[in-house]
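Just so you know, the protein sequences line up as chains A and B, in that order. If you're matching positions, the first sequence starts at 1 in full-length UniProt numbering and goes up one per residue. If you're matching positions, the second sequence starts at 1 in full-length UniProt numbering and goes up one per residue. Reading through the structure tokens given below for one structure.
2 protein chains.
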Amino acid sequence: MGSTIPFSPTNRLLDSLPEKEKEPFLADCETVEMTFGQLLAEPGDNISYAVFPLDCFISLIATLASGDQLEVSMAGKEGMVGIPLVLGAQTSALQMLVQGAGPALRISSASFQNHLARSPILEGLMKRYLNVLLNQISQSAACAHYHALEARMARWLLMTHDRTHGEQLHLTHEFLSSMLGVRRAGITLAATALQRRGLINYQRGRITVQNRAGLEEASCQCYATDCDIYDEMLEQVSRRTSISESSHAQDKRSFHFG
Amino acid sequence: MGSTIPFSPTNRLLDSLPEKEKEPFLADCETVEMTFGQLLAEPGDNISYAVFPLDCFISLIATLASGDQLEVSMAGKEGMVGIPLVLGAQTSALQMLVQGAGPALRISSASFQNHLARSPILEGLMKRYLNVLLNQISQSAACAHYHALEARMARWLLMTHDRTHGEQLHLTHEFLSSMLGVRRAGITLAATALQRRGLINYQRGRITVQNRAGLEEASCQCYATDCDIYDEMLEQVSRRTSISESSHAQDKRSFHFG
DNA sequence: TCCGGTCGGTGCGGTATGGCACATAAGAAA
DNA sequence: TTTCTTATGTGCCATACCGCACCGACCGGA
């Protein structure tokens, strides 16, 4: 197997499964193309599929009773969406929004839960990811509360950049404002500042990162912390894979989802 | 059994275990008295015990690289602390701080994980709780970002009040300020406003709730949402128990941890 | 009873952001 | 090209909160 499916998955979570576990799992997955702006779930919706990004990424967005929204997490090829399924729940309290278009593996909820029940390894993997998510969301809470917009925006751009292989990002100020929970004019100001410093370049819904190192300077520590959180998990999860760079927590460095 | 231990547990999670599961679990627990201000774990610490509050409560606090802190969740008799253990992790990224003194059951990490591995019912229970936690933390993130201090403080007081059976709360402005992530002077202002409205009364580290309904008015919707989140879980978890009041989501009402 | 420490009240200026509103510009469609 | 739509730039005022600083009030211990 592996040759009978379109292309071998590069989702980092699934990749770390031993061949014996991976094969039957993939047999129940299908490859789908996620499109930009696609809503996989609204708060309260039933979850039909667990989704493992191959080369796309998805935002998890909390919604308050008032309708105010805030992105609390992001899942790219290092993760998955559909966490409640792992916990035996069928509904999502978070909105799931496709932010980066591209292929993903998906598996029906029922099938996913079957596999979970049968494979302790798969379940362990999901648990480790869940632990990351928990820590990451907690951190996001504090970050959104304490850090200035410009730094948070830099962080967000870096995280997104990591998940899109350096392509230009397809997003408007309006959209960014809803992710970061500020008004659009605030984004314009922050973006202008970053652009003036030569860190990014943007025009009508397209942002390109021009100077990663500079952006890292401009971002809050949370970016580095996030990288560490994921690195730690990926190291635990795939000891087989040699993770060349990035191992020490202190110094700033980019996190390459590769 | 149950008569051989000091008193029957009233932790709502454990209570919902069937007798057959509860008995061996409790046999490995010990009752301990949590004291106010006790630090169960600092970020990064190993977790020695899972703790199930009987009549106390514990805050979970996120810490940023800068040292800034923000409370992201609270566990009373409706919950537990030591969630990472459920996920196979041994360390806590969050600080765990005892806020309400009183008895709790605790079980060593190893023993807890043993029970988890053997009892699918226990594990299911923990998963449901974990799901609640995830949703609750996500909501807290948005709440801390969007809502005004006074409303957040009202919410916090209500949540704490629910977990202390109407006793007066032992907390200083200084302390509250670190929970809510604002400076102390801000708490003084908000507290003064609430007191002027006759909702609370305070003096040197002691706060009493004078008018619950009024406080609910003053709090953000997040309080009601929180109650709903927990109610939903507890209903799922203990169908046996007749949960008399509180079932509909819309209207504001207090949540009685009883 | 006095002292020292903790806790709470208050003031002042600074700033990041909100709300609102409108002007401009760049693409897309016609 | 012209027109329309969407995206961005900007201005103005309001305000919630920060940082700092200091004072006064209460409480417990000596």
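Just so it is clear, CB atoms sit at the ideal spot from N, CA and C, and this is done for glycine as well.
Closest Cα partner of A:Ala93 within the set B:Leu13, B:Asn131, B:Ile61
Counting from one through the first sequence, the residue named residue 93 of chain A turns up at place 93. Per the Cα distances, B:Asn131.
What does A:Asp68 touch in chain B if you count any residue whose Cβ is under 7 angstroms from its own?
Taking the first sequence and counting its residues from 1, one reaches residue 68 of chain A at position 68. Counting only Cβ-Cβ distances below 7 angstroms, A:Asp68 has contacts in chain B at Ala142, Tyr146, in chain order.
Rounded separation between B:Leu64 and A:Ala62 - CA only:
Translated into positions along the second sequence, residue 64 of chain B becomes position 64. Translated into positions along the first sequence, residue 62 of chain A becomes position 62. For B:Leu64 and A:Ala62, the distance between alpha carbons rounds to 21 angstroms.
Rounded to the nearest angstrom, how far is the Cβ of A:Val98 from that of A:Gly181, given a contact under 8 angstroms?
Counting from one through the first sequence, the residue named residue 98 of chain A turns up at place 98. Counting from one through the first sequence, the residue named residue 181 of chain A turns up at place 181. At roughly 20 angstroms, the Cβ-Cβ gap does not stay under 8 angstroms, so A:Val98 and A:Gly181 are not in contact.
Can you tell me which of the three DSSP states A:Ala89 falls into?
In the first sequence, counting from the first residue as 1, residue 89 of chain A sits at position 89. In the three-state scheme derived from DSSP, where H, G and I count as helix and E and B as strand, A:Ala89 is classed as coil.
Can you tell me whether DSSP reads B:Asp231 as helix, strand or coil?
Your numbering for residue 231 of chain B matches position 231 in the second sequence. B:Asp231: helix per DSSP, three-state reduction.
Would you kindly work out how many angstroms separate the C-alpha atoms of A:Asp45 and B:Glu235, rounded to a whole number?
Within the first sequence, numbered from 1, the residue matching residue 45 of chain A stands at position 45. Within the second sequence, numbered from 1, the residue matching residue 235 of chain B stands at position 235. Approximately 19 angstroms, taken between the alpha carbons.
Chain-ordered neighbours of B:Leu94 on chain A, where CB pairs are closer than 7 angstroms
Sequence index remark: in the second sequence, residue 94 of chain B carries index 94 (1-based). Neighbours of B:Leu94 on chain A, chain order: Ser138.
Going residue by residue through the stretch 91-173 of chain A, where are the continuous beta strand (DSSP E) segments of at least 3 residues, counting only ones entirely within it?
Qualifying beta strand (DSSP E) stretches, in chain order: 95-100, 102-108.
How should B:Gly76 be labelled, buried or exposed, when 16 other C-beta atoms within 10 angstroms of its C-beta is the threshold for buried?
The count along the second sequence starts at 1 and reaches residue 76 of chain B at position 76. Label assigned to B:Gly76: buried.
Residues of the stretch 112-130 of chain B whose Cβ lies closer than 7 angstroms to any Cβ of chain A, in chain order:
Interface annotation for the stretch 112-130 of chain B against chain A: Gly124, Lys127, Arg128, Leu130, criterion Cβ-Cβ distance under 7 angstroms.
Confirm, please, whether the CB-CB distance from A:Thr188 to A:His170 is below 8 angstroms.
For the purposes of this step, residue 170 of chain A is taken as residue 170 along the first sequence, with counting starting at 1. For the purposes of this step, residue 188 of chain A is taken as residue 188 along the first sequence, with counting starting at 1. Note that the C-beta distance between A:His170 and A:Thr188 is not below 8 angstroms.
Can you name, in chain order, every residue of its own chain whose Cβ lies under 6 angstroms from the Cβ of A:Leu17, other than the five neighbours on each side?
Within the first sequence, residue 17 of chain A is the residue found at index 17, counting from 1. Taken in chain order, the list of residues that qualify is empty.
Counting contacts by CB-CB distance shorter than 8 angstroms, is B:Thr192 in contact with chain A?
In the second sequence, residue 192 of chain B corresponds to position 192, counting from 1. Residue-level contact by beta carbon fails for B:Thr192 and chain A, as no gap is shorter than 8 angstroms.
According to DSSP, simplified to helix, strand and coil, what is B:Thr10?
Residue 10 of chain B sits at position 10 when you count from the first residue of the second sequence. B:Thr10 sits in coil when the DSSP states are folded into three classes, being neither helix nor strand.
Any C-beta of chain B under 8 angstroms from that of A:Asn135:
Taking the first sequence and counting its residues from 1, the one referred to as residue 135 of chain A is at position 135. At least one chain B Cβ lies under 8 angstroms of A:Asn135.
B:Glu23 by DSSP, collapsed to three states: which one?
For this step, residue 23 of chain B is matched to residue 23 along the second sequence. If DSSP states are grouped into helix, strand and coil, B:Glu23 belongs with the helices.
Closest residue to B:Arg106 among B:Gln90, B:Tyr202, B:Thr31 (Cα-Cα distance):
Locating residue 106 of chain B in the second sequence gives position 106, counting from the first residue. The shortest Cα separation from B:Arg106 among B:Gln90, B:Tyr202, B:Thr31 belongs to B:Thr31.
Where the beta strand (DSSP E) containing A:Thr63 begins and where it ends
As a position in the first sequence, residue 63 of chain A is number 63, starting the count at 1. Run containing A:Thr63: 57-63, per the beta strand (DSSP E) assignment.
For chain B, is any of its Cβ atoms less than 8 angstroms away from the one on A:Thr35?
Within the first sequence, numbered from 1, the residue matching residue 35 of chain A stands at position 35. Taking Cβ atoms only, chain B never reaches closer than 8 angstroms to A:Thr35, which makes this a no.
Along the stretch 196-230 of chain A, what residues have a CB closer than 9 angstroms to any CB found in chain B?
Result list: Cys220, Gln221, Cys222, Ala224, Thr225, Ile229.
Is there a Cβ of chain B sitting closer than 8 angstroms to that of A:Val81, yes or no?
Your numbering for residue 81 of chain A matches position 81 in the first sequence. No, because no Cβ of chain B sits closer than 8 angstroms to the Cβ of A:Val81.
Could you tell me which of B:Met159, B:Ala213, B:Ala50 sits nearest to B:Pro84, measuring between CA atoms?
Start at 1 with the first residue of the second sequence, and residue 84 of chain B comes out as number 84. Of the candidates B:Met159, B:Ala213, B:Ala50, B:Ala50 places its Cα closest to the Cα of B:Pro84.
Distance, Cα to Cα, A:Thr91 vs B:Thr225?
To locate residue 91 of chain A, count along the first sequence from 1; it is residue 91. To locate residue 225 of chain B, count along the second sequence from 1; it is residue 225. When the Cα atoms are used, A:Thr91 and B:Thr225 turn out to be separated by approximately 16 angstroms.
Would you please state the rounded distance, in angstroms, between the beta carbons of B:His115 and B:Asp55? I believe it to be under 8 angstroms.
Looking up residue 115 of chain B in the second sequence gives position 115. Looking up residue 55 of chain B in the second sequence gives position 55. At roughly 22 angstroms, the Cβ-Cβ gap does not stay under 8 angstroms, so B:His115 and B:Asp55 are not in contact.
State the Cα-Cα distance for the pair B:Ala193 and B:Asp15, rounded to the nearest angstrom.
Locating residue 193 of chain B in the second sequence gives position 193, where the first residue counts as 1. Locating residue 15 of chain B in the second sequence gives position 15, where the first residue counts as 1. For B:Ala193 and B:Asp15, the distance between alpha carbons rounds to 40 angstroms.
Minimum C-alpha distance to B:Ala190 - residue among B:Arg155, B:Thr164, B:Asp228, B:Gln168:
Counted from its first residue, the second sequence places residue 190 of chain B at position 190. By alpha-carbon distance to B:Ala190, the top candidate from B:Arg155, B:Thr164, B:Asp228, B:Gln168 is B:Arg155.
Between the beta-carbon of B:Phe57 and the beta-carbon of B:Met80, is there less than 8 angstroms?
Position 57 of the second sequence holds residue 57 of chain B. Position 80 of the second sequence holds residue 80 of chain B. No, the pair does not count as a contact, with Cβ atoms beyond the cut-off.
Within a Cβ cutoff of 8 angstroms, which residues of the same chain sit near A:Leu122, ignoring the five residues on either side of it in sequence?
Translated into positions along the first sequence, residue 122 of chain A becomes position 122. Hits under 8 angstroms: Leu17, Glu21, Phe25, His115, Leu116.
Going along chain B, which residues have a C-beta under 7 angstroms from A:Ala89?
As a position in the first sequence, residue 89 of chain A is number 89, starting the count at 1. For a Cβ distance threshold of 7 angstroms, residue set Asn131 of chain B lies close to A:Ala89, ordered along the chain.
Kindly list, in the order they appear in chain B, the residues whose Cβ is closer than 7 angstroms to that of A:Gly181.
Looking up residue 181 of chain A in the first sequence gives position 181. Here the neighbours are His145, Tyr146.
Can you tell me the Cα-Cα spacing of A:Leu157 and B:Met34, whole angstroms?
Residue 157 of chain A sits at position 157 when you count from the first residue of the first sequence. Residue 34 of chain B sits at position 34 when you count from the first residue of the second sequence. Near 44 angstroms, if we compare the C-alpha coordinates of B:Met34 and A:Leu157.
Does the CB of A:Pro84 have a neighbour CB from chain B at under 8 angstroms?
For the purposes of this step, residue 84 of chain A is taken as residue 84 along the first sequence, with counting starting at 1. Taking a beta-carbon distance threshold of 8 angstroms, A:Pro84 counts as an interface residue toward chain B.
Mind checking which residues open and close the alpha helix (DSSP H) that includes B:Glu216?
Within the second sequence, the letter at position 216 stands for residue 216 of chain B. Here the alpha helix (DSSP H) through B:Glu216 covers 212-218.
Run down chain A in chain order and give the residues with a C-beta less than 8 angstroms from the C-beta of B:Ala62.
Counting from 1 along the second sequence, the entry for residue 62 of chain B is found at position 62. Close partners of B:Ala62 in chain A (Cβ separation under 8 angstroms): Ser138, Gln139, Ala141, Ala142.
Pick helix, strand or coil for A:Leu39, following the three-state DSSP scheme.
One-based indexing of the first sequence puts residue 39 of chain A at position 39. Strand, per DSSP.
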